[in-house]
């Protein structure tokens with residue numbers, strides 16, 4: 011896996027399995043958001059807060075639902091977590107990828 015230089019500049023640790031097609035954090039298309047979320051979940055479970063502030067996904071829940079509808083097995087657990095401005099939130103969704111499968115870069 012490689013990290014694109016553009017994501018490094020933005021402070022985003024977005025990974026891709028195809029070094030010839032790095033993920034672009036400036037591309038806010040739903041398809042690209044799916045790829046970013048999947049790539050992040052492969053690394054480790056991610057919370058709504060992590061996905062929003064660390065990866066630039068403004069509405070993670072609908073994107074997770076769409077990934078589930080595509081067949082990805084993603085569980086949700088609830089956690090207590092603080093935002094970067096130190097506000098504590100209860101019952102934040104943390105998403106756990108339970109089965110790794112390659113995401114089709116052409117169809118999503």
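Numbering (this note's numbering), first residue to last: 11 to 118. Each residue gets a CB set at the ideal place from its N, CA and C atoms; glycine is no exception.
Whole-angstrom distance between residue j and residue i, CA atom to CA atom
i	j	result
residue 74	residue 99	20 Å
residue 97	residue 45	28 Å
residue 51	residue 36	19 Å
residue 48	residue 106	10 Å
residue 72	residue 78	10 Å
Selection from the options that minimises the alpha carbon distance to residue i
i	options	result
residue 103	33, 69 and 38	69
residue 101	59, 78, 64 and 67	59
residue 62	38, 108, 76 and 109	38
residue 64	83, 43 and 108	43
residue 80	33, 109 and 34	109
residue 111	67, 82, 93 and 76	82
On the three-pair Cβ rule with 8 Å, is the region 55–71 touching the region 83–93? In this structure the region 55–71 touches the region 83–93; the number of beta carbon pairs closer than 8 Å is three or more.
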